[in-house]
Ligand SMILES: [Zn+2]
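In this note's numbering, the protein residues as written are 32 to 407.
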C-alpha cells in the first residue's frame, strides 16, 4: 500500500510517499480502509523529532482517520467489517490505576497513533479495536476524520478541565487552528460567549460565521489584554483556551478575571516563558495543562457532535500523495479548520480554487457542500 513515511527526523523534504507493506491486524485490533486522514500539529513535532526519542523507521505519520473496517482481529466483537468508523488516536495500557479510573489520557504509558505506533497517512491502518467508534451518521468521511484529536482535546479542555458553565466568557487565541475552532464550536454549544483572536481579519470574519461573539486582531491592536478587558467591561474573561504557548502567556494573565481558568494544550509559538507568581496568587488564577482526552470524554464529544449535528470545519482536502503541500499549508498557519488527506483522490467538485484568498487548494464552500452531499 502507499503511505506518507519518514526515514529520519527533519524538515518537510523528509516526508516520502512510498510503497510499504500492508499491516495485518492482531488479536484485539482492526484493519481500517482509510477514506480520510486529518493533519495535526503533532505530525510536525513527530517529524522534527524530540531529543532522546527514537522512532522505528520507516514511520508512517498521522493520527486522525475515518474509514471502513476491512478486517477484525481475534476477539473483536463490537465492530465488524463494513462498519463506517473513526479512530480515537489516544493509546493507553488499560491496566494502570489511571486507566482503571477512566482517565486514559493520564495513563503512565499514554501514547498517540502516529507517534507511538504507525499512523494514518496510509491507504490502510491497524488500530486497537477499543479505539474505534462509529462515525456520526450526519458527517462525511472527510468531516469525520477532522474530528478526533482536535475535538476531544477541546472538549476535555473546556468541559472537564475548565468546567465551563453556560453564560461564561471564553477567550480563544489563534482562531483558524483545529483545536481553536473546535473550542469555538463546543463553547458556543455549551452556551458560552466566545471572544477569538487572530492576526487575519479574514479569519476573524469567518469565525463570526461559526458563532464568535467578539473578535480581536492582535496584529493591529496595540494591547491584546486591554482590548479583551474593554470587551468585558473591565472584568476579564472566565476561561482562556490556549494552543499558542509563549506568545500569549503574559497577556492571558491580564485578560482573565480574578479566579479565572487558563487551559493550555499547545506551543505553536514556543514552550518557554516566565511566570509572574504575584499575579498568579493575587488573582486566584488556575493554570492547567491538557492533552487529548479519556475514552469517556471521546464518547461524550461524539455524542454532542451527533446530537447537535455539528460539522467540523474543513479547510481543504488534498490527495494523500500531496501530503507535503498539505503540511506546508499547516506550517504556514494559513488554514481555517482542518486539512484532510484522502488516499482515494479528491472529488472533482473540490478542485475549484478559492479566488478571493489566492489560495490554490480546494474551495472551502465546495468542501462543505461536497461533505454534506457525501454524508447523505
Ligand atoms: Zn494505563
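For each residue, glycine too, the CB sits at the ideal point set by N, CA and C.
In this text the structure is predicted, and so the values were computed from the model without any measurement.
{"Query": "Beta carbon of residue 183 nearer than 7 Å to that of residue 203", "Result": "no"}
{"Query": "Nearest residue (CA-CA) to residue 60, options 270, 200, 102 and 245", "Result": "102"}
{"Query": "Cβ contact check for the stretch 173-191 and the stretch 323-330: 3 or more pairs under 8 Å", "Result": "yes"}
{"Query": "C-beta contact flag for residue 75 and residue 36 at 7 Å", "Result": "no"}
{"Query": "For residue 195 and residue 221, believed in contact at Cβ under 8 Å, the rounded distance", "Result": "5 Å"}
{"Query": "Cβ-heavy atom distance, residue 123 to ligand 1, below 6 Å", "Result": "yes"}
{"Query": "Residue burial classification, residue 112 (beta-carbon count within 10 angstroms, cutoff 16)", "Result": "exposed"}
{"Query": "Cβ-Cβ distance between residue 117 and residue 175 below 7 Å", "Result": "yes"}
{"Query": "Contacting residues, own chain, Cβ-Cβ under 7 Å from residue 225 (five flanking each side not counted)", "Result": "201, 203, 215, 218, 219, 242, 243 and 244"}
{"Query": "CA-to-CA distance, residue 235 to residue 312, given in whole angstroms", "Result": "33 Å"}
{"Query": "Close-in-space but distant-in-sequence residues of the same chain around residue 64 (CB under 7 Å, 5 per side omitted)", "Result": "98, 99, 101 and 155"}
{"Query": "Local conformation of residue 72 per DSSP, three classes", "Result": "helix"}
{"Query": "Sequence ranges, beta strand (DSSP E) only - wholly within the stretch 147-215, length at least 3", "Result": "155-159, 163-165 and 200-203"}
{"Query": "Under 7 Å between C-beta atoms of residue 370 and residue 173", "Result": "no"}
{"Query": "Whether residue 34 touches residue 158 by CB criterion (7 Å)", "Result": "no"}
{"Query": "Contact under 7 Å by Cβ, residue 179 with residue 95", "Result": "yes"}
{"Query": "Nearest to residue 124 (by Cα), restricted to the options 93, 88, 145 and 162", "Result": "162"}
{"Query": "Cβ-based neighbour list, residue 49, same chain, cut-off 6 Å, excluding 5 preceding and 5 following", "Result": "36"}
{"Query": "Euclidean distance between Cα positions of residue 137 and residue 128", "Result": "10 Å"}
{"Query": "Proximity test, residue 246 beta-carbon vs ligand 1 heavy atom, cut-off 6 Å", "Result": "no"}
{"Query": "Coil, strand or helix - residue 316 by DSSP", "Result": "coil"}
{"Query": "Pairwise C-alpha distance: residue 303 and residue 410", "Result": "Examination of residue 410 is not possible in this model, given that the chain is present from 32 through 407 alone."}
{"Query": "Check: residue 138 C-beta below 6 Å from any heavy atom of ligand 1", "Result": "yes"}
{"Query": "beta-carbon residue 254 near ligand 2 non-hydrogen atom, thresh 6 Å", "Result": "Only ligand 1 can be found as ligands here, which leaves ligand 2 out of the picture."}
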